[in-house]
Each structure stands twice: as C-alpha cells, then as structure tokens.
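Participant: Before we start, here is the structure in question, set down as structure tokens.
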Amino acid sequence: MTINELFMITVQWTHAIAATTWLGGSIFYIFVFKPQQKKFLASGNPLLTALAEQFRSIIGTCIVILIASGTLLLFDRITDPSTTPTYIAVLATKIGLATWMFTIARRRWKSARNSDAQDRNMVKGNVITKLYGMSTGINLTLILGILIFFLSDILNALFIQGLSEK
Ligand code: HEM
Numbered sequence: 211m212t213i214n215e216l217f218m219i220t221v222q223w224t225h226a227i228a229a230t231t232w233l234g235g236s237i238f239y240i241f242v243f244k245p246q247q248k249k250f251l252a253s254g255n256p257l258l259t260a261l262a263e264q265f266r267s268i269i270g271t272c273i274v275i276l277i278a279s280g281t282l283l284l285f286d287r288i289t290d291p292s293t294t295p296t297y298i299a300v301l302a303t304k305i306g307l308a309t310w311m312f313t314i315a316r317r318r319w320k321s322a323r324n325s326d327a328q329d330r331n332m333v334k335g336n337v338i339t340k341l342y343g344m345s346t347g348i349n350l351t352l353i354l355g356i357l358i359f360f361l362s363d364i365l366n367a368l369f370i371q372g373l374s375e376k
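Under the numbering used here, read the sequence shown as residues 211 to 376, first letter to last.
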C-alpha cells in the first residue's frame with residue numbers, strides 16, 4: 211500500500227465518521243432531545259438551550275470536515291480513469307443534496323442566533339410557519355442524510371465496478 215492510498219483511506223474514514231456523527235446526532239436530536247426541549251422551554255429551563263448550542267457546534271465541525279474530506283474524495287474519484295458518467299451523475303446528485311443539508315444547517319444557525327426561539331415559534335406558529343419549518347427543519351436534514359448515505363453506497367459500488375472493468 212502506498213502513502214497516497216493510506217492517505218485517501220484516512221480521508222474516507224474521516225468523511226464517514228463526520229457523516230455518521232451528523233446523522234446519528236440528528237436522530238438523537240429529533241427522537242430524544244426535541245420532545246424534551248418543548249417541555250423544558252415551557253418551564254423556562256436554560257439547560258436544553260445550552261445543549262442545543264453545543265449540538266450546533268458539533269454539527270458545524272462535522273460540516274467543515276465533510277466539505278474538506280468530500281472535496282479530496284471528489285478529486286481522487288473524478289481523476290481516476292475508471293470513473294463513469296453514471297458515477298459523475300450520482301455524485302452530482304449527492305453534492306446537490308449535501309448542499310441542501312448545509313443550507314438548512316446554516317439557516318437554523320442564523321435563526322438560532324437571531325432569537326434562539328425558532329423551536330418555540332414552531333410550536334405556536336401558523337400553517338405557513340409550520341410549512342417553512344418543514345422545508346428547513348431538522349427532520350428534512352435527517353431524510354436528506356439517509357438519502358445521501360444510500361447514494362454514497364451506490365457510488366462505492368459504481369467505483370468498485372469501474373475498477374474491476376478497467
Ligand atoms: C461537499 C459535500 C460532499 C462531497 C463532495 C462528498 C463526496 C464524496 C465522495 C467522492 C465519496 C466517495 C464515494 C466512493 O466510494 O466512490 C463520498 C463518500 C461518502 N460520503 Fe460524501 N460527500 C459530501 C458530503 C457528504 C455528506 C453531507 C454526507 C452525509 C451526511 C456524506 C456521506 C458519505 C458517506 C457515508 C460516504 C461513504 C464513506 C465510505 O465508504 O467509507 N457525504 N463522499
């Protein structure tokens with residue numbers, strides 16, 4: 211194994227850990243944290259707000275790692291002669307969905323910084339607020355993340371297939 215191969219394995223490993231942390235964190239947030247947050251916000255307890263901030267900071271780190279490692283993986287794959295147009299098409303779809311995920315995270319950050327009350331508004335909000343919340347919400351992040359994992363497995367299979375047909 212060459213140093214370059216070892217480096218790319220490390221990049222892929224880092225990418226997978228950051229992706230798993232984000233997706234796992236989102237599952238925890240939606241199914242464990244959020245139901246409690248609604249109750250605690252009503253009682254004015256600041257603990258869960260502090261935890262939400264901590265969660266945002268972890269997701270921020272994951273995003274930086276995903277973009278850096280994803281870019282390295284991208285160049286490694288597209289410069290390989292065995293890469294097919296199908297691979298490029300799936301990769302482009304994946305990057306599109308990832309960009310959507312990053313945009314949602316950025317919007318949630320901004321609104322959290324502005325008022326720290328997005329979730330409170332969501333509880334009380336009207337239909338439009340709720341629809342907006344659904345299109346920019348953490349639940350959509352989870353759905354996109356699950357789709358991206360699926361596309362990444364397809365990419366892996368396509369890449370191995372391309373190598374074996376070389
Ligand atoms: C800038 C955005 C991103 C780019 C350019 C990118 C690019 C890539 C590339 C080129 C691969 C290698 C696929 C192959 O095996 O041929 C990969 C793997 C992967 N990506 Fe991404 N990615 C990005 C964001 C994300 C996000 C947001 C997630 C999930 C939340 C994610 C999850 C994964 C997973 C789970 C793998 C498989 C890793 C493995 O096989 O060990 N990626 N990515």
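For each residue, glycine too, the CB sits at the ideal point set by N, CA and C.
For Q247, count neighbouring C-beta atoms within 10 Å of its own C-beta (all shown protein chains included) and say buried if the count is 16 or more, exposed if not.
Facilitator: As a position in the sequence shown, residue 247 is number 37, starting the count at 1. Burial call: buried.
Participant: For the alpha helix (DSSP H) that contains I273, what are its first and last residues?
Facilitator: For the purposes of this step, residue 273 is taken as the residue at position 63 of the sequence shown. It spans L257 to I288 - the alpha helix (DSSP H) in which I273 sits, taken as one unbroken run.
Participant: Tell me whether T281, by its Cβ, gets closer than 7 Å to a heavy atom of ligand 1.
Facilitator: Looking up residue 281 in the sequence shown gives position 71. Yes; taking the cut-off as 7 Å, the Cβ of T281 has a heavy atom of ligand 1 nearer than that.
Participant: Between which residues of its own chain and W310 is the CB-CB distance below 7 Å, once the five residues before and five after are set aside?
Facilitator: Along the sequence shown, one-based indexing puts residue 310 at 100. Only L354 meet the Cβ criterion.
Participant: Going by DSSP, what residue range makes up the alpha helix (DSSP H) through G347?
Facilitator: Sequence index remark: in the sequence shown, residue 347 carries index 137 (1-based). Per DSSP, G347 belongs to no alpha helix (DSSP H) and is neither H nor E.
Participant: Taking only three categories from DSSP, how would you classify S212?
Facilitator: If you number the sequence shown from 1, residue 212 lands on position 2. Reading off the sequence, residue 212 comes out as Thr, not Ser. Of the three classes helix, strand and coil, the one that applies to T212 here is coil, per DSSP.
Participant: Looking at T259 and G372, is the spacing between their C-beta atoms short of 8 Å?
Facilitator: Position 162 of the sequence shown, counting from 1, holds the residue named residue 372. Position 49 of the sequence shown, counting from 1, holds the residue named residue 259. No; because the gap between Cβ atoms is not below 8 Å, this pair is not in contact.
Participant: What distance in whole Å lies between the Cβ atoms of T351 and S279, which are believed to be in contact at a cut-off of 8 Å?
Facilitator: In the sequence shown, counting from the first residue as 1, residue 279 sits at position 69. In the sequence shown, counting from the first residue as 1, residue 351 sits at position 141. Going by Cβ atoms, the distance from S279 to T351 rounds to 19 Å, so no, they are not a contact pair.
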